[in-house]
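Structure, as structure tokens:
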Amino acid sequence: MNPETIELIVDEPIAGHFYWILQKHDDGKHGGSIVVESSQGPMPSYSAAMMAGIAALQRRADARNDAAATPPIVTVRVDARQAIGRGAGR
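Following this line, the structure appears as structure tokens:
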């Protein structure tokens, strides 16, 4: 994976508390991932956290687009195991 690729993760560390995280994969020098940006507090549902994370990712892409000749590609992948049934009754 390109080290400049930013990944959107939605995590639920406590039942009913969803957080979004934008992270880059480390270039191999330190291992793991580097958090670029994250939610300031919990969101009430998986879908709310996903949408807020997508908005943050789009803001970063828009800012980068203003400075670059080639616009970045924004791709979002949803983990169906996490998305199915989440947020429907919450």
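My numbering puts the sequence shown at residues 417 to 506. Here a beta-carbon is modelled for each residue, glycine too, at the ideal position from N, C-alpha and C. Predicted model, so just to flag it, every value in this text is computed and none were measured.
- Pairing Tyr-435 with Pro-429, the inter-Cα distance amounts to about 8 angstroms.
- A direct Cα-to-Cα measurement between Glu-420 and Gly-469 gives close to 17 angstroms.
- Non-local beta-carbon contacts of Val-451 in its own chain, meaning distances under 8 angstroms to residues more than five positions away in sequence, involve Ile-437, Leu-438, Gln-439 in chain order.
- Around the C-beta of Ala-479, fewer than 16 other C-beta atoms lie within 10 Å, and the residue is accordingly described as exposed.
- The residue among Pro-458, Ser-454, Asp-443 with its C-alpha nearest the C-alpha of Leu-424 is Ser-454.
- Relative to Asp-442, the option among Gln-474, Ile-422, Ala-431, Ala-465 whose CA is nearest is Ile-422.
- Listed in chain order, the non-local C-beta contacts of Met-466 below 6 angstroms within the same chain comprise Val-426, local neighbours out to five positions each way being set aside.
- Per DSSP, the unbroken beta strand (DSSP E) holding Pro-429 starts and ends at 422-430.
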